[in-house]
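Below: one structure, written as structure tokens.
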Amino acid sequence: MAGKLIGIDLGTTNSCACVMEGGERRVIPNREGSRTTPSVVAFTDKGDVLVGHIAKRQAVTNPQRTLFAVKRLIGQKFSSDQVQEAMGKLPFPVVKAPNGDAWLGVGDRGYAPPEISAIILKALKASAEAFLHEEVSDAVITVPAYFDDAQRQATKDAGRIAGLNVQRIINEPTAAALAYGLDKKGLKQTLAIYDFGGGTFDFTIMEMNDGVFEVLATSGDTFLGGEDFDQAILMWLVEHFRNSTGIDLTKDRMALQRLKEASEKAKCELSTLDRVEVRLPFIAQGPTGPQHLESTLTREDLENMVADLVARTMGPVQDALKQARKTAMDVDEVILVGGQTRMPLVQQVVKDFFGREPNRDINPDEVVAAGASIQGAVLTGEVTDLVLLDVTPLSLGIE
1415 MAGKLIGIDL GTTNSCACVM EGGERRVIPN REGSRTTPSV VAFTDKGDVL
1465 VGHIAKRQAV TNPQRTLFAV KRLIGQKFSS DQVQEAMGKL PFPVVKAPNG
1515 DAWLGVGDRG YAPPEISAII LKALKASAEA FLHEEVSDAV ITVPAYFDDA
1565 QRQATKDAGR IAGLNVQRII NEPTAAALAY GLDKKGLKQT LAIYDFGGGT
1615 FDFTIMEMND GVFEVLATSG DTFLGGEDFD QAILMWLVEH FRNSTGIDLT
1665 KDRMALQRLK EASEKAKCEL STLDRVEVRL PFIAQGPTGP QHLESTLTRE
1715 DLENMVADLV ARTMGPVQDA LKQARKTAMD VDEVILVGGQ TRMPLVQQVV
1765 KDFFGREPNR DINPDEVVAA GASIQGAVLT GEVTDLVLLD VTPLSLGIE
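Using my numbering, the letters of the sequence shown correspond one by one to residues 1415 to 1813.
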């Protein structure tokens, strides 16, 4: 390897990079000093390409050229049910590529999802080089355990386009387990990794024994995540506004983008507060003049509207336990991964099912990137007493 190797969690909503140095893992801050970078890419009228926080901040005024949640489209055919469903919720056009893939339409050209993911990876690579003061040439990139071969290959392609030699693609829950178990090598434990991110849900059962991490079973849903919670709030706000004014906000892309931001903010705040006020002035023009959206959303309201989404996670949980021939009582530690696990309802459902408090010791936004950097350190020989035995939940081609 010519340069440094970093671990990258290329997320649906946010991405994170980490490096192992001297046996310590360090999260790499981006140019703005944040430890995570929004997985958002925007194209301005002047031809500039914006990435991360700066792209997210201008989304309201540039909704059709601001791309987010691209991971949900990577490696997908345009005709797939998931893509057709996603198209109705995205403010930017999704188009059919000549080979039948789902591409993103910006202006008069189409972008393959790996091209957009590569722009995010390139930004993470540049941040890492600025932080480490040396070239970064290699990466271990994580993907949801339930990604199929096409999605994994497309992720690898994104790394290559970004100028990275992708040494390994590893599963996100497995990476999280490595980060949890690095300093617990002498222990023998059965781990459950409940990984609820922005776009995907994965559940994995694994055994950790003296530095050997063996995945027993994994299950998941690649179209269930925090974005769906945001969408539920957004549709609730749209319905409230329609009932009081008769105006349908779903026809206005700029209003939709404002609603999306307000929904995400309200969801995050309701993890610590019991109620939030959502105020969006001048959201629409009515017959009597400008209309303003004002709604009060309680935690109970939110829990009622997303109860079915949280319940959907339990199918894969039971499926993986059955595959592994384990019961909830056999699990020694439940590790929560992904930003959506900050929601009290999610934590309560997990606690009720397993009969124990889930482990929240590791930052759910950073644990996957940390695990990827540990796998990288195993590949470079910096870490020598870890062995990873993973399973493939879906048929894969030969690597």
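Each residue gets a CB set at the ideal place from its N, CA and C atoms; glycine is no exception.
Legend entry - Backbone secondary structure at Thr1712 - three-state DSSP: strand
Legend entry - Cβ distance (whole Å) where Glu1641 is taken to contact Thr1427 below 8 Å: 7 Å
Legend entry - Distance between Asp1609 and Asn1585 (C-alpha atoms, nearest Å): 11 Å
Inset, instruction - Confirm, please, whether the CB-CB distance from Ala1568 to Val1782 is below 8 Å. - result: no
Inset, instruction - Please confirm whether Glu1691 and Asp1644 have their CB atoms less than 8 Å apart. - result: no
Legend entry - Bridge-paired residues (DSSP) for Thr1632: Thr1618
Legend entry - Distance CB(Val1465)-CB(Ala1572) smaller than 8 Å: no
Legend entry - Residue burial classification, Phe1506 (beta-carbon count within 10 angstroms, cutoff 16): buried
Legend entry - First and last residue of the uninterrupted alpha helix (DSSP H) at Gly1785: 1781-1794
Legend entry - Among Asp1624, Leu1535, Val1508, Gly1514, nearest to Gly1524 - alpha-carbon criterion: Val1508
Inset, instruction - Report the three-state DSSP secondary structure of Phe1545 (helix, strand or coil). - result: helix
Legend entry - Any non-hydrogen atom of the ligand SAM within 7 Å of Ile1607 CB: In the structure on display, the ligand SAM does not appear, and there are no ligands present to speak of.
Legend entry - Proximity test, Cβ basis, 8 Å: Leu1684 and chain B: Of the chains in the structure shown, none is chain B; there is only one protein chain.
Inset, instruction - Counting only runs of 3+ residues fully inside the segment 1461-1544, write out the beta strand (DSSP E) ranges in chain order. - result: 1463-1465, 1480-1482, 1508-1510, 1516-1520, 1523-1525
Legend entry - Start-to-end residues for the beta strand (DSSP E) that takes in Gly1700: 1689-1700
Inset, instruction - Identify which residue in Val1520, Glu1438, Glu1796 has its Cα closest to the Cα of Ala1593. - result: Glu1438
Legend entry - Through-space distance from Thr1710 to Glu1653, alpha-carbon basis: 13 Å
Inset, instruction - Would you mind working out which of Phe1768, Arg1756, Pro1443, Thr1727 sits nearest Asn1777, comparing C-alpha positions? - result: Arg1756
Inset, instruction - Would you check if the distance between the CB atom of Leu1735 and the CB atom of Ile1607 is smaller than 8 Å? - result: no
Legend entry - Beta-carbon proximity list for Pro1443, same chain, < 8 Å, skipping 5 on both sides: Arg1449, Ser1541, Phe1545
Inset, instruction - Tell me Ser1429's beta-bridge partners as DSSP assigns them. - result: Thr1451
Inset, instruction - Leaving aside the five residues before and after Glu1446 along the sequence, list all residues of the same chain whose C-beta is less than 6 Å from its C-beta, in chain order. - result: His1467
Inset, instruction - Starting from Thr1569, trace the beta strand (DSSP E) both ways and give me its first and last residue. - result: Note, Thr1569: premise wrong, no beta strand (DSSP E); alpha helix (DSSP H) at 1563-1575.
Legend entry - Residues sharing a beta bridge with Ile1422, DSSP: Ala1431, Ile1555
Legend entry - Backbone secondary structure at Arg1740 - three-state DSSP: First, the residue type needs correcting, since residue 1740 is Lys and not Arg in the sequence shown. In this structure, Lys1740 counts as coil in the three-state DSSP scheme.
Inset, instruction - In the DSSP assignment, find the beta strand (DSSP E) that holds Gln1754 and state where it starts and stops. - result: Gln1754 -> no beta strand (DSSP E), and no H or E assigned at all.
Inset, instruction - Please say whether Thr1604 and Lys1740 have beta carbons closer to each other than 8 Å? - result: yes
Legend entry - Close Cβ partners of Asp1715 (< 6 Å) along its chain, the five nearest in sequence each way excluded: none
Legend entry - Segment limits, beta strand (DSSP E) that includes Ile1442: Looking at the DSSP string, Ile1442 is not in any beta strand (DSSP E), and its letter there is neither H nor E.
Legend entry - Limits of the alpha helix (DSSP H) - the one that Asn1657 falls within: 1640-1659
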